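Chemist: My questions will all concern the structure given below.
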DNA sequence: AGAAACCTTGGAACTGGTTCCACACCCTAA
DNA sequence: TTAGGGTGTGGAACCAGTTCCAAGGTTTCT
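Protein chains in written order, with the working numbering: chain A, 149 to 495; chain F, 149 to 495.
Set out below in structure tokens:
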């Protein structure tokens, strides 16, 4: 491989500005005082020579890479939901001059921890200071990360099968209160026969959403009804196929809470095929506030998740962890927001 | 900030194994010969002390960061389209032990090059070897990147306002042939009255798509009809609002080629509101093959763009550039693929 | 006036790998 | 026996920054 041509070094700048190397370093880091006059001369020389300090060299001494890795696990592609979390991480990080590395990983929940092949970034040492874990997170991956002593924060909503004594930093959003508020809103609009279209309730996050719905129904002495299926092909598909089961119930439901926007989309599409109208024939609310929600007609009332804020909070928490390695672990749960659009009818 | 505890260094390993530092380095890089006996003793010592070499230190000497930056410019959020390009970059890069940094940038096309504030990664030097530019790329950004002598490859479809003599490495997909094939397909199915719903034709990529459509019409001696609007609110919105203009034409069009899937979505939604059916009342094809295409009912026939492949090719080309800095610039245009689904009727 | 405190500055030593030169050693050929 | 070539190894010099100590100058205090 051809070697990159030598760039201007701090010593060349020092010589050109007729000062010592230490002074250049002080100007660059604006740490200790340098006289206005000298500083100006140095800055001028830096500009003139087009000098840009070498990041690697500094990092050795600082013992900090000022870089974190966003690791997306077990996702076939960078889904809009996670893309926006990454966006949040990056925008917060860049304000603090921290860099964000993107890496992906595929692994099975049954692979023993020491046999998980981590991406190249995590095999080297000193490249990154910490890790933000997103995607589906199983205990074996967590154990592997702990074994290489890499500080990390996990996006908690897709954590699966973790025992309660497993302690680590987490950031997530509030599944339970999201559906609770959505359900209360429907009840406030006069609905009494409300079903929950869950998809596959073995996913812990859908389980939590169901529990929120159930709580809303219980506190109003209403009967909770769960529409589920074992491992459906896709959420949209599940929505399409379950509309029949919903409408044939006696008494007929006036509203449905969907486990997520994709299910809501499937329900809506199927209704449309049968020339039925939302919200005239049935009211509908979703969860996640994905792009699809706005594409529906009328646009879907749904529970908004602040994806960028999740990313930002992950980054913030990771930096705290790096500053205070012995701090106790925390689990931050961010609130969701119910967005009223056009799919709920006032009875 | 608390300092990370000192890790084992190569000198400590050398002392413990009673060899010189050079020997440790040789064992690690398995470059020149070391006797079996010595190698084994060194490896054993490395294991015993849990030594992992510091990546930063090596990079200074190698003058290679083994890291590239994916820079997304002027995008409010990490759009699924670009997310998948990033995914392609990462998956190809990680196979070659290269790392991918994600950064975002907002700038105006009218800011003078030297006043563009590059993200932190590009202000330092030696952190990354090269750059992959995505998002909307104007000449001033390009000039700025060139001024810091950073090798780069641009995703070319969203390059705007570049003069022809401006030379740089580019990877893109084939707008022109995409709509040309789509148009030929429609004509093959018996359609003669076909309109092109472009949105805003001042975008060069929509212009190229229009030209492809026009070519298809011309070669069959058919009249090209352009439906456009000056800077519409959004593509979906444009689609919704222009259906009236399309259907009122005499003779009435039997098919529409949309400038992209969002426009097609808008057209479809509006048709649905007026209780019209695709493809019975009008046939429809899109461009991009975004997720929305599959959500439509029937699913949209559209021109597929291989997003991951674009990312992969960008990375591949960037690595070639790094190996051969004086190589002549190239512009690779990847083929698109027409995906037949349910929105075209055989007349 | 002299001492003390403070600011500014130069530059040697340092970080943790890699590279390369010198040298010891062994084997083979003249 | 000596020259020549090859292999294996130690360690100094190196990369490009940061850090810290000492020194010189200036200001303030007694």
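Just so it is clear, CB atoms sit at the ideal spot from N, CA and C, and this is done for glycine as well. Computed from a prediction, not measured in an experiment: that's the story for all the values here.
Buried or exposed for residue 505/F, going by 16 or more other Cβ atoms inside 10 Å?
Modeler: This structure cannot settle anything about residue 505/F, because the visible part of chain F is limited to 149 through 495.
Chemist: Short of 8 Å Cβ to Cβ, which residues in the segment 398 to 427 of chain F face chain A?
Modeler: Cβ contacts with chain A: 413, 417, 420 and 421.
Chemist: Going by DSSP in three states, residue 270/A sits in which element: helix, strand or coil?
Modeler: Residue 270/A sits at position 122 when you count from the first residue of the first chain. Residue 270/A: helix per DSSP, three-state reduction.
Chemist: Rounded to whole angstroms, what is the Cα-Cα separation between residue 257/A and residue 286/A?
Modeler: On the first chain, position 109 is the one that residue 257/A refers to. On the first chain, position 138 is the one that residue 286/A refers to. Their backbone Cα atoms lie some 6 Å apart in a straight line.
Chemist: For a contact defined as C-beta to C-beta under 9 Å, what are the partners of residue 440/A on chain F?
Modeler: The count along the first chain starts at 1 and reaches residue 440/A at position 292. The contacting residues are 439, 440 and 443.
Chemist: Short of 7 Å Cβ to Cβ, which residues in the segment 235 to 247 of chain A face chain F?
Modeler: Within the segment 235 to 247 of chain A, the qualifying residues are 235, 238, 239, 242, 245 and 247.
Chemist: Check whether chain A comes within 9 Å of residue 166/F, counting only Cβ atoms and requiring the distance to be less than that.
Modeler: On the second chain, position 18 is the one that residue 166/F refers to. Not an interface residue.
Chemist: Do you know how far the Cα of residue 283/F is from the Cα of residue 227/F?
Modeler: The count along the second chain starts at 1 and reaches residue 227/F at position 79. The count along the second chain starts at 1 and reaches residue 283/F at position 135. Cα-Cα distance, rounded: 10 Å.
Chemist: Could you tell me whether any Cβ in chain F is nearer than 9 Å to the Cβ of residue 282/A?
Modeler: Position 134 of the first chain, counted from the first residue, corresponds to residue 282/A. Residue 282/A does not count as touching chain F.
Chemist: Going by CA-CA distance only, name the one from 290/A, 446/A and 193/A that's closest to residue 427/A.
Modeler: Position 279 of the first chain, counted from the start, is the residue given in the question as residue 427/A. The shortest Cα separation from residue 427/A among 290/A, 446/A and 193/A belongs to 446/A.
Chemist: With 7 Å as the limit, tell me which residues of the segment 262 to 296 of chain A have their beta carbon closer than that to any beta carbon of chain F; keep them in chain order.
Modeler: Within the segment 262 to 296 of chain A, the qualifying residues are 267, 268, 269, 272, 273, 274 and 275.
Chemist: Name, in chain order, the residues that DSSP records as bridge partners for residue 388/A.
Modeler: Here residue 388/A corresponds to residue number 240 of the first chain, with the count starting at 1. For residue 388/A, which the question treats as bridged, DSSP gives no partner whatsoever.
Chemist: Take residue 297/F and list the residues in its own chain whose beta-carbon comes closer than 6 Å to its own, dropping the five residues that flank it on each side.
Modeler: By 1-based counting over the second chain, the position of residue 297/F is 149. Closer than 6 Å at Cβ, skipping near neighbours: no residue.
Chemist: Quick one: does the C-beta of residue 364/F sit closer than 8 Å to a heavy atom of the ligand NAP?
Modeler: Among the components modelled here there is no ligand, and therefore nothing to report on the ligand NAP.
Chemist: Cβ atoms of residue 453/A and residue 435/A: under 9 Å apart, would you say?
Modeler: Walking along the first chain from the start, residue 435/A turns up at place 287. Walking along the first chain from the start, residue 453/A turns up at place 305. It is a contact, given that the beta carbons lie within the stated cut-off.
Chemist: Please name the residue or residues paired with residue 485/F in a DSSP beta bridge.
Modeler: Numbered from 1 along the second chain, position 337 holds the residue referred to as residue 485/F. In DSSP, residue 485/F forms a bridge with 452/F.
Chemist: For the segment 188 to 216 of chain A, which residues have a beta carbon sitting closer than 9 Å to at least one beta carbon of chain F?
Modeler: Answer set for the segment 188 to 216 of chain A: 198, 199, 200, 201, 202, 203, 204, 205, 206, 207, 208, 210, 211, 212, 213, 214 and 215.
Chemist: In angstroms with no decimal places, state the Cα-to-Cα distance between residue 163/A and residue 270/F.
Modeler: Along the first chain, read from residue 1 onward, the residue named residue 163/A stands at position 15. Along the second chain, read from residue 1 onward, the residue named residue 270/F stands at position 122. Roughly 25 Å separates the two Cα atoms.
Chemist: For the putative contact between residue 279/A and residue 300/A, defined by C-beta atoms under 8 Å, what is the C-beta separation to the nearest angstrom?
Modeler: Against the first chain, residue 279/A aligns to sequence position 131. Against the first chain, residue 300/A aligns to sequence position 152. Going by Cβ atoms, the distance from residue 279/A to residue 300/A rounds to 4 Å, so yes, they are a contact pair.
Chemist: Got a sec, what are the start and stop residues for the beta strand (DSSP E) residue 317/A sits in?
Modeler: Taking the first chain and counting its residues from 1, the one referred to as residue 317/A is at position 169. It spans 317 to 321 - the beta strand (DSSP E) in which residue 317/A sits, taken as one unbroken run.
Chemist: For the putative contact between residue 225/A and residue 232/F, defined by C-beta atoms under 8 Å, what is the C-beta separation to the nearest angstrom?
Modeler: Looking up residue 225/A in the first chain gives position 77. Looking up residue 232/F in the second chain gives position 84. Rounded, the Cβ-Cβ distance is 6 Å, consistent with contact.
Chemist: On a CA-only basis, which of 239/F, 410/F, 267/F and 425/F is nearest residue 442/F? Give me that one, please.
Modeler: Indexing the second chain from 1 puts residue 442/F at position 294. The option with the nearest alpha carbon to residue 442/F is 410/F.
Chemist: Between residue 228/A and chain F, is the shortest Cβ-Cβ distance under 9 Å, so that the two count as touching?
Modeler: Here residue 228/A refers to the residue found at position 80 of the first chain. For residue 228/A, the answer is yes, since a Cβ of chain F falls inside 9 Å of its Cβ.
Chemist: Using a Cβ-Cβ cut-off of 9 Å, state whether residue 155/F counts as contacting chain A.
Modeler: Position 7 of the second chain, counted from the first residue, corresponds to residue 155/F. So, interface residue.
Chemist: By alpha-carbon positions, which one of 413/A, 175/A and 439/A ends up nearest to residue 491/A?
Modeler: Walking along the first chain from the start, residue 491/A turns up at place 343. Of 413/A, 175/A and 439/A, the residue nearest in Cα terms is 413/A.
Chemist: So which residues of chain F does residue 251/A contact, with C-beta pairs closer than 7 Å?
Modeler: The count along the first chain starts at 1 and reaches residue 251/A at position 103. Those within 7 Å of residue 251/A in chain F are 238 and 242.
Chemist: Mapping DSSP to helix, strand and coil, what is residue 288/F?
Modeler: For the purposes of this step, residue 288/F is taken as the residue at position 140 of the second chain. Helix, per DSSP.
Chemist: Report the residues of the segment 350 to 363 of chain A with a CB closer than 7 Å to any CB of chain F, ordered along the chain.
Modeler: Hits within the stretch: zero.
Chemist: Please classify residue 423/F as buried or exposed, where buried requires at least 16 neighbouring CB atoms within 10 angstroms.
Modeler: Here residue 423/F corresponds to residue number 275 of the second chain, with the count starting at 1. By the 10 Å Cβ count, residue 423/F comes out exposed.
Chemist: Using a cut-off of 8 Å between C-beta atoms, extract the partners of residue 232/F located in chain A.
Modeler: The sequence position of residue 232/F within the second chain is 84, counting from 1. Residues of chain A passing the Cβ test: 225 and 226.
Chemist: Where does residue 166/F land, buried or exposed, given buried means 16+ other C-beta within 10 angstroms?
Modeler: The count along the second chain starts at 1 and reaches residue 166/F at position 18. Classification of residue 166/F: exposed, given that the 10 Å Cβ count is below 16.
Chemist: Rounded to the nearest angstrom, what separates residue 229/A and residue 450/A at their Cα positions?
Modeler: Working through the first chain from its first residue, we reach residue 229/A at position 81. Working through the first chain from its first residue, we reach residue 450/A at position 302. Taking the straight line from one Cα to the other gives about 15 Å.
Chemist: Would the beta-carbon of residue 215/F fall within 9 Å of that of residue 249/A?
Modeler: Numbered from its first residue, the second chain carries residue 215/F at position 67. Numbered from its first residue, the first chain carries residue 249/A at position 101. Yes, the Cβ-Cβ distance between residue 215/F and residue 249/A is below 9 Å.
Chemist: So residue 436/A is in the beta strand (DSSP E); what residue range does that whole segment cover?
Modeler: Here residue 436/A refers to the residue found at position 288 when the first chain is read from its first residue. Its beta strand (DSSP E) spans residues 431 to 436.
Chemist: How would you call residue 161/A, buried or exposed, if buried means at least 16 neighbouring beta carbons within 10 angstroms?
Modeler: What you label residue 161/A is simply residue 13 of the first chain in a count that begins at 1. Buried.
Chemist: State buried or exposed for residue 313/F, treating a residue as buried only when at least 16 other CB atoms are found within 10 Å of its CB.
Modeler: Start at 1 with the first residue of the second chain, and residue 313/F comes out as number 165. Classification of residue 313/F: exposed, given that the 10 Å Cβ count is below 16.
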